[in-house]
Structures are given as structure tokens and as C-alpha cells.
Amino acid sequence: MSLRLRGRKNIRESLEQQPELVVLDPQTLKGRWHEFFGNDHPIHIECGMGKGQFISRMSVNNPEINYIGMDIYDELIRRGSEKARALWKSEKNADNVPNLALVRGNVELLDEMFEPGELERIYLNFSDPWPKAKHARRRLTHPRFLEKYKHVLSEIGEIHFKTDSLTLFEFSLNSFSNTELQMRNISLDLHRTEIREDLVLTEYETKFVGQGMPIYRLEAVIGKEVQAAHRRKVAEDLEHEMRRVHVKDEEE
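Going by the working numbering, the sequence shown opens with residue 333, and the numbers climb by one from there.
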């Protein structure tokens with residue numbers, strides 16, 4: 333979703349005063365993100381974090397994972413920092429946010445911010461659908477972006493993608509398929525029967541679900557290790573089903 337934002341005065345100064353949370357020059361940390369977080373925990377990034385509800389909640393729910401929320405707007409980084417601090421204060425009674433970095437950056441430069449294999453998961457939540465065909469290259473699931481994701485994701489790397497746009501989802505299915513990425517957990521209506529409490533909702537998602545709109549979601553497995561694990565699980569599930577059918581046939 334595209335936004336026009338009117339930021340507060342002195343917003344840049346406010347961000348510069350939060351170096352433990354806000355990263356304004358992410359290229360300087362390429363290959364050094366574990367050093368920034370002070371541990372070797374996995375790193376997950378949300379490209380286009382909006383107001384930060386999703387990434388803040390994820391950081392609270394999963395302290396054993398390092399999270400990065402990235403956006404190009406200073407105002408969204410500011411709002412995200414306020415939301416994250418408030419959430420950690422209310423739920424963890426903590427004045428700091430130890431496993432989250434809010435980054436001002438552009439997805440176009442992702443490979444300038446991260447070394448190969450430095451990330452374990454990429455979240456694409458309700459990205460701008462860029463509905464006109466002439467803007468297809470700007471869609472964050474375009475093959476040219478998928479190649480960037482492959483470059484920075486590890487051997488167990490994954491992409492988790494959600495959107496309310498059917499046309500973007502159709503485009504993305506073809507894009508993932510054409511780049512020979514394995515997909516799993518594909519849903520054409522994520523909250524069809526009830527809200528998926530096991531998944532953190534974004535601001536947009538909460539709004540759209542409240543309006544009865546379907547949410548489209550999939551996971552793409554990138555790294556060789558996770559692809560191999562996925563193939564093993566598919567084979568095991570198929571074998572289990574064949575055995576079940578065979579037993580049922582014998583009983584009949």
C-alpha cells in the first residue's frame with residue numbers, strides 16, 4: 333500500500349537519538365548484524381513494515397529471534413519505534429527493545445545491506461500491488477526481487493507473503509513458480525473460518541478481516557536445507573496417506 337505521510341518536525345533528530353533501535357545507514361552493518369544485536373540468533377526482516385504493529389508484536393512474542401522492520405519513510409520508522417517501545421514496556425516491563433532494529437532502507441538495495449545468507453526469513457505483508465502492468469517490476473514479488481531475496485537468505489531461508497490483492501497474489505504465484513521456488517501453506521482465504529490466532533496480524537490485515545475481505549497467503553522455501561526438509565515431509569505425508577488408503581481398502 334502506498335502512503336503519503338506528513339511527519340513531525342525534527343523527526344530525523346528524533347531517529348538519530350535512538351541508535352540502539354533505529355538504523356539510518358544499514359549498508360554500514362552489512363555482514364555485522366549479529367554484532368549489532370549482540371547475539372547469533374536468527375534474523376527475520378519485514379520489508380515494508382508500515383506502522384510497525386506486526387514486527388513489534390513478533391519481537392515481543394519471539395525473544396529468541398532478531399527482527400528487522402524496514403521502510404523508506406522516516407515517519408513510519410518513528411511510529412514504529414514508539415509502538416515497539418510501548419509494547420515492550422507494557423508486556424515485558426522493559427525500557428529497551430533488545431531484539432528489534434527499525435531500518436530506513438529500500439528493498440532495491442537489500443543486497444547492499446546484507447551478506448549472502450545473513451537472513452533467515454523475509455516477510456512481505458500487504459506490499460503495494462502496483463496494479464498497472466507497466467509497473468510490474470516494482471512489485472516486491474517480481475522475479476528480480478526474488479533473486480535479491482535468494483542472495484541474502486540462508487540455507488533454511490523462507491519468504492512469508494500476505495496480501496489482500498487477488499491480482500498480486502496471482503502474479504506472485506506465477507513469479508514464485510517461474511523462479512522454481514517451492515511453495516507451501518497456500519491459502520486463498522486465510523481467516524475463512526476464524527481468525528488465525530497463531531499468526532500475527534498487521535494493521536491492514538486487521539482492517540480487511542473486519543470488513544470480511546479474504547487474505548491470501550503463502551510460504552516460499554528458498555534455502556537448500558529447508559527445500560530438502562519440505563520434500564521429505566511431502567513424501568512422508570504421501571506415504572502415510574497411501575498406507576491409510578491401503579488399510580481402508582483391505583477392511584472393506
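A virtual CB, placed ideally from N, CA and C, is assigned to each residue, including glycine. Remember, it's a predicted structure, so these values are computed and weren't measured experimentally.
In the same chain as Gly401, and ignoring 5 residues on each side of it, the C-beta atoms closer than 6 Å to its own belong to Glu378, Met381, Gly384, Ile387, Gly412 and Leu434, in chain order. Per DSSP, reduced to three states, the secondary structure at Ala561 is helical. Secondary structure of Tyr481 (DSSP, three-state): helix. Per DSSP, the continuous beta strand (DSSP E) segment holding Ala552 begins and ends at Tyr548 to Val553. Boundaries of the beta strand (DSSP E) harbouring Asn398: Asn398 to Asp403, taken from the DSSP string.
For Leu456, DSSP records a beta bridge to Phe493. Contact between the segment 437-444 and the segment 417-424 is absent: fewer than 3 CB-CB pairs across the two stretches fall below 8 Å. Beta-bridge analysis with DSSP links Val577 to no other residue. Contact between Ile491 and Val558 does not hold, since their C-beta atoms are separated by about 11 Å, which reaches or exceeds 8 Å. In the DSSP assignment, Gln514 falls within the unbroken beta strand (DSSP E) covering Gln514 to Ser519.
Contact between the segment 454-461 and the segment 534-543 is present: three or more C-beta pairs spanning the two stretches fall below 8 Å. Around the beta carbon of Pro461, 16 or more other beta carbons sit within 10 angstroms, so the residue counts as buried. In summary, Arg453 is buried, with 16 or more beta-carbon neighbours lying within 10 Å of its beta-carbon over all protein chains present. Ranked by Cα distance from Gly542, the options Gln514, Asp496, Val355 and Asn438 are led by Asp496. Looking at the DSSP output, Leu434 shares a beta bridge with Val354 and Gly401.
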